[in-house]
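A.B. asks:
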Amino acid sequence: EAQVTQNPRYLITVTGKKLTVTCSQNMNHEYMSWYRQDPGLGLRQIYYSMNVEVTDKGDVPEGYKVSRKEKRNFPLILESPSPNQTSLYFCASSFRIGQGIADTQYFGPGTRLTVL
Amino acid sequence: AQSVTQLDSQVPVFEEAPVELRCNYSSSVSVYLFWYVQYPNQGLQLLLKYLSGSTLVKGINGFEAEFNKSQTSFHLRKPSVHISDTAEYFCAVRGRSGGSNYKLTFGKGTLLTVNP
Chain A
1 EAQVTQNPRY LITVTGKKLT VTCSQNMNHE YMSWYRQDPG LGLRQIYYSM NVEVTDKGDV
61 PEGYKVSRKE KRNFPLILES PSPNQTSLYF CASSFRIGQG IADTQYFGPG TRLTVL
Chain B
1 AQSVTQLDSQ VPVFEEAPVE LRCNYSSSVS VYLFWYVQYP NQGLQLLLKY LSGSTLVKGI
61 NGFEAEFNKS QTSFHLRKPS VHISDTAEYF CAVRGRSGGS NYKLTFGKGT LLTVNP
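Chains as they are written, first to last, in our numbering: chain A, 1 to 116; chain B, 1 to 116.
1) Got a sec, what are the start and stop residues for the beta strand (DSSP E) methionine 50 of chain A sits in?
2) Can you give me the Cβ contacts of alanine 2 of chain A inside the same chain, cut-off strictly under 6 Å, excluding the 5 residues immediately before and after it?
3) Residues bridged to alanine 87 of chain B by DSSP?
4) List the endpoints of the continuous beta strand (DSSP E) containing glutamine 25 of chain A.
5) Please check the pair methionine 32 of chain A and arginine 68 of chain A, which I expect to be a contact at CB under 8 Å, by giving their CB distance rounded to whole angstroms.
6) In this structure, does DSSP put asparagine 28 of chain A in helix, strand or coil?
7) Within 8 Å (strictly less), CB to CB, does leucine 43 of chain A reach chain B?
8) What residue range does the beta strand (DSSP E) around aspartate 56 of chain A cover?
9) Applying a beta-carbon distance threshold of less than 7 Å, which residues of chain D neighbour lysine 103 of chain B?
10) Quick check on glutamine 10 of chain B - is its C-beta less than 8 Å from some C-beta in chain A?
11) Determine the closest residue to alanine 102 of chain A out of B:Asn24, B:Pro18, B:Tyr32 and B:Ser26, with distance taken between C-alpha atoms.
12) Note down, in chain order, all residues in the segment 68-92 of chain B with a beta-carbon under 7 Å from any beta-carbon belonging to chain A.
13) Near serine 73 of chain B, what residues of its chain come up, given a Cβ to Cβ distance below 6 Å and the 5 sequence neighbours on each side ignored?
14) Just by C-beta distance, which residues in the segment 30-52 of chain B are closer than 9 Å to chain A?
15) For phenylalanine 96 of chain A versus glutamate 53 of chain A, is the C-beta spacing smaller than 8 Å?
16) In chain A, which residues lie less than 7 Å from phenylalanine 106 of chain B when you measure between Cβ atoms?
17) Once you ignore the five residues that flank lysine 103 of chain B on each side, which residues in its own chain have a CB closer than 8 Å to its CB?
18) Determine which residues of the segment 54-68 of chain B have a Cβ less than 8 Å from any Cβ of chain A, and write them out in chain order.
19) Counting only the same chain and skipping the five closest in sequence on each side, list residues whose C-beta sits under 6 Å from that of valine 14 of chain A.
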């Protein structure tokens, strides 16, 4: 089954304790992206990657890191989490077409993160 | 750059009533338009999309949307809603060309609540 998976689905942690949220897709997509969803703000892009070893900042990258060492995986790293990073996080992926990406993005199930 | 405005943050309706969720966008380039749905405690699912051609687009679960270029709108409609349509709905836009053709910009969401 074609899908985007995220782990963990739920995480409660404390301020300053490094964590990684994994994202994996099995559709051979070149493009991957991370979003955070907050009430009343919709989804905002954190980072994206157009291909292996190619990453760039989205709208709200502060406090986050990413890496793209393999095509299928795109982990989100919080080196020193803070309470304002409490949010619902989504990973998404898509095929790349030329200089852009295909019209449809596929989303993972989400990771609910609470930072105390 | 693009922006999306969903004019209603919450829309309560009774079962079997018609509903319209409003979406306006702004962009300096031609765009693709999307509606995503998020059921409680789930990820985002593509409801429908406008790429080109007919301005009336039909999606899953009996939803449809109409692209109006002169009014820069992409309103979502359903003639008769069910309890199971209770969810949050997100309008999104993406540029067709240039540096914005990879970035999906979301509105803040409209919570549709269908009451018996």
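For every residue, glycine included, the Cβ atom is placed at its ideal position computed from N, Cα and C.
C.D. replies: In short, the structure shows the following:
1) 42-51
2) Met27
3) B:Leu112
4) 19-25
5) 7 Å
6) coil
7) yes
8) 54-57
9) Considering every chain present, this structure includes no chain D. Its protein chains are A and B.
10) no
11) B:Tyr32
12) Phe90
13) Asn24
14) Tyr32, Phe34, Tyr36, Gln38, Asn41, Gln42, Gly43, Leu44, Gln45, Leu46, Lys49 and Leu51
15) Residue 96 of chain A is actually arginine in this sequence, not phenylalanine. No, the pair does not count as a contact, with Cβ atoms beyond the cut-off.
16) Gly42 and Leu43
17) Gln2, Arg94 and Gly95
18) none
19) Leu116
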